[in-house]
Amino acid sequence: MGKKRLRRAKFSSFDRRSNSEEPSSSTTSERRTKSPRRNRIRSTILFLLFVVCPAISVILYRRISSPSQSVSETDLPDVYRRGLVKADVNYRQVLDEHVKVSANVSRRQFENSVLAYITPWNSKGYDLAKKFNSKLTHLSPVWYDLKSEGSSFVLDGRHNADIGWISEIRMNSNAKILPRVVLEAMPMDFLTKKKQRKKVINLIVEECKKFDYDGIVLESWSRWAAYGVLHKPEMRMMALQFIKQLGEAMHGVSTERNGESLQLVYVIGPPYSDQLQSHDFGPEDLLGLSSAVDGFSLMTYDFSTPHNPGPNAPLKWIQSTLKLLLGSDNSGQGLARKIFVGINFYGNDFLQSGEGGGPIVGREYLSLLEQHRPILQWEKNSAEHFFIYLDNRRIKHVVFYPTLLSIAMRLEEARSWGAGISIWEIGQGLDYFFDVL
Ligand SMILES: *[C@@H]1O[C@H](CO)[C@@H](O)[C@H](O)[C@H]1NC(C)=O
Numbered sequence: 001m002g003k004k005r006l007r008r009a010k011f012s013s014f015d016r017r018s019n020s021e022e023p024s025s026s027t028t029s030e031r032r033t034k035s036p037r038r039n040r041i042r043s044t045i046l047f048l049l050f051v052v053c054p055a056i057s058v059i060l061y062r063r064i065s066s067p068s069q070s071v072s073e074t075d076l077p078d079v080y081r082r083g084l085v086k087a088d089v090n091y092r093q094v095l096d097e098h099v100k101v102s103a104n105v106s107r108r109q110f111e112n113s114v115l116a117y118i119t120p121w122n123s124k125g126y127d128l129a130k131k132f133n134s135k136l137t138h139l140s141p142v143w144y145d146l147k148s149e150g151s152s153f154v155l156d157g158r159h160n161a162d163i164g165w166i167s168e169i170r171m172n173s174n175a176k177i178l179p180r181v182v183l184e185a186m187p188m189d190f191l192t193k194k195k196q197r198k199k200v201i202n203l204i205v206e207e208c209k210k211f212d213y214d215g216i217v218l219e220s221w222s223r224w225a226a227y228g229v230l231h232k233p234e235m236r237m238m239a240l241q242f243i244k245q246l247g248e249a250m251h252g253v254s255t256e257r258n259g260e261s262l263q264l265v266y267v268i269g270p271p272y273s274d275q276l277q278s279h280d281f282g283p284e285d286l287l288g289l290s291s292a293v294d295g296f297s298l299m300t301y302d303f304s305t306p307h308n309p310g311p312n313a314p315l316k317w318i319q320s321t322l323k324l325l326l327g328s329d330n331s332g333q334g335l336a337r338k339i340f341v342g343i344n345f346y347g348n349d350f351l352q353s354g355e356g357g358g359p360i361v362g363r364e365y366l367s368l369l370e371q372h373r374p375i376l377q378w379e380k381n382s383a384e385h386f387f388i389y390l391d392n393r394r395i396k397h398v399v400f401y402p403t404l405l406s407i408a409m410r411l412e413e414a415r416s417w418g419a420g421i422s423i424w425e426i427g428q429g430l431d432y433f434f435d436v437l
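All residue numbers for the sequence shown refer to full-length UniProt numbering, where the first residue is 1 and numbers rise by one.
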C-alpha cells in the first residue's frame, strides 16, 4: 500500500496540471463567506465576526472545496478516476478495462495537434478514427507509394483510397486528411532534373485535388538515406530543395471545400546519436524547411531492435531528440508547434536472448496477458511497462507494450515543448488509450 502511494505521488504532476485552477476558485469563495454582516449589537457583531463567521467559513470552505474537487475530478478522463493511469497496473486490470472508454468521446485532454496514422492492413483504425474523430486533428491513412516507371512516375495505391470513409469523417469532424505517400522513386531519376521533379510534384498535387485531400504526409528521408543521397552534400541539398519546392507548390493550391491551402507534413527520424551524421535530419534542416513544411512527423519509436531488446521509445531518448532538434531551452518554440512527437500504439515481443521477435499489436498483447498472466513491471528509466514470459519451448520473451501511464507521460513531454503528437498507428492500440488524448 505504502509503495503504491509513493508511486502515485511521483506521477501526480499530471493531476496537478489539470487541477491548477482549483485553489484560486476556493479562495474566492472563502473570502466571500467571510464578508461581515450588519447587526445592531456590537458584541453580536464581534461574536459573529470572530466566532461564527470563521466557523461557517471553515464549514463552507470544506463543502465548497470538496465539490470543486469532484468537479475537476470529473474533468479528468475516466481512466484516471478508475485509477488506471499508474505504474503498478496488473494484467487483469488491462484485460478488464481496455474496452471501456469515457462516455464523452469528444472531450479532448491533449490540446495540441494529434496526427493519427491508419493502415489498410489494420482496418480497426478506420473505425477508431470515426469514433474518436474530435480527438484527432490530422488523419494519415497509409495509402500511397510514388514509384519510378520507365522515364516517368506513378502514384501507386489509389485503390486504397476509401471515399466513403473520407466523407463520413468530413461530416463529423474538421480533422485534416493527409494520406501518407512514400517516395519510392529512384532519387537520381528526379532530384537532379527539374522537369522530372515537376512531374513528381504534379502527381501529388493532382491526386490531392482529385480526392479532395487536405494535403499529404511525405516519407522520403529514410529512402534517400538508403540510396546514399544524404551522404553527398550536393545531392543532400537538392533533396531538401525538392521538399521545399513540393511544399511551395502545395501551398499554392487551395481546396474548394474550405479554401485552405494544401498541407505538407514531412516524416523525420530521430538522429542516431548526439553527433549528427550527414544522413541525420538535424536542427538546421528543420529550420530550413520550416516555411515550406506544415508539420514534421518525428518517428520517436523503434529505439530497440530484436538484436537489442528493450523499451520501444525511452522517454529520455525522446527528450534528448527534442532537445537536439529544438535546442535545450526550446528556443525553437515556434518550430515545436510543427513537431508531431511520435508515440507507438504497438509493442514488441522480443526473445530476451536478442535473437528474434518483433512488433505486436493490441490483440496479440491481450492474448499474451490472458495466456501467461504476467506481472507487469514499470521500468522507470524508459518510462515503459514490460513483462517477461516463457513460451512453450521455455524460451524467455520480453514484451514492451504501451500503457496509459507510458502514453500519459509522453503526452506530458510533448505538451511541455508545445508540440503535437503522432500515433503509429491507432488500429494497433487499445480503446482506452484514447481517453488520455
Ligand atoms: C462532451 O465534451 C465536450 C467538450 O468538453 C462538451 O462540449 C460536451 O458538452 C460534452 N458532452 C456531454 C454529453 O457531456
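Just so you know, even glycine gets a beta-carbon here, dropped at the ideal spot from N, CA and C.
Keep in mind the model is a prediction, meaning the values are calculated, not measured.
Beta-carbon proximity check, residue i vs residue j, cutoff 8 Å
i, j, result
"Val79", "Asp435", "yes"
"Val229", "Pro187", "yes"
"Gly347", "Tyr401", "yes"
"Asn183", "Leu218", "In the sequence on display, residue 183 carries Leu and not Asn. Cβ distance < 8 Å, so Leu183 and Leu218 count as in contact."
"Tyr117", "Val101", "no"
"Lys130", "Ile169", "yes"
"Ile216", "Leu264", "yes"
"Gln342", "Pro306", "A small fix is needed here, since residue 342 is Gly in this sequence, not Gln. Not a contact, by the Cβ cut-off of 8 Å."
"Ala185", "Ser148", "yes"
"Glu379", "Phe386", "yes"
"Tyr144", "Val89", "no"
"Glu425", "Asn133", "no"
"Gln319", "Glu384", "no"
"Gln275", "Pro309", "no"
"Thr119", "Gly429", "no"
"Leu437", "Arg81", "no"
Proximity test, residue i beta-carbon vs ligand 1 heavy atom, cut-off 7 Å
i, result
"Asn104", "yes"
"Arg81", "no"
"Ile107", "The sequence given here has Arg at residue 107, not Ile. Yes, ligand 1 has a heavy atom inside 7 Å of this Cβ."
Per-residue burial, residue i [other beta carbons within 10 Å of its own, 16 or more giving buried]
i, result
"Ser304", "buried"
"Asp96", "exposed"
"Ile375", "exposed"
"Asp285", "buried"
"Lys232", "exposed"
"Arg92", "exposed"
"Glu256", "exposed"
"Ala408", "buried"
"Val85", "buried"
"Lys194", "exposed"
CA-to-CA distance, residue j to residue i, given in whole angstroms
i, j, result
"Ser29", "Arg373", "Per-residue confidence for Ser29 stands at a pLDDT of 35, beneath the threshold of 50, marking its modelled position as unreliable; the derived number appears in the next sentence. Answer to the nearest angstrom: the Cα atoms are 50 Å apart."
"Val205", "Val398", "45 Å"
"Tyr365", "Gly83", "21 Å"
"Ile41", "Arg415", "The predicted position of Ile41 is uncertain, since its pLDDT is 47 and thus under 50; a value taken from the coordinates is nonetheless stated next. Cα to Cα, Ile41 sits roughly 57 Å from Arg415."
"Ser381", "Ser140", "This sequence places Asn at residue 381; Ser is not what is there. Near 31 Å, if we compare the C-alpha coordinates of Ser140 and Asn381."
"Lys135", "Asn344", "17 Å"
"Gly357", "Lys396", "11 Å"
"Thr403", "Ser106", "21 Å"
"Leu246", "Asn392", "52 Å"
"Ser261", "Leu324", "30 Å"
"Ser254", "Met171", "20 Å"
"Asp294", "His251", "9 Å"
"Leu335", "Val267", "15 Å"
"Thr192", "Gly362", "44 Å"
"Arg337", "Leu322", "12 Å"
"Gly288", "Val200", "21 Å"
"Ser291", "Gly125", "31 Å"
"Ala226", "Asn174", "36 Å"
"Leu315", "Ser297", "17 Å"
"Leu411", "Gln277", "28 Å"
"Trp417", "Trp317", "15 Å"
"Ser152", "Asp189", "9 Å"
"Leu405", "Ile360", "19 Å"
"Val99", "Gln377", "22 Å"
"Met238", "Leu76", "48 Å"
"Leu178", "Leu146", "15 Å"
"Asp127", "Glu234", "45 Å"
Could you tell me whether the stretch 109-129 touches the stretch 409-425, where touching means 3 or more Cβ pairs closer than 8 Å? yes
For the stretch 196-213 and the stretch 153-169, state whether three or more C-beta atom pairs, one from each stretch, are separated by less than 8 Å. yes
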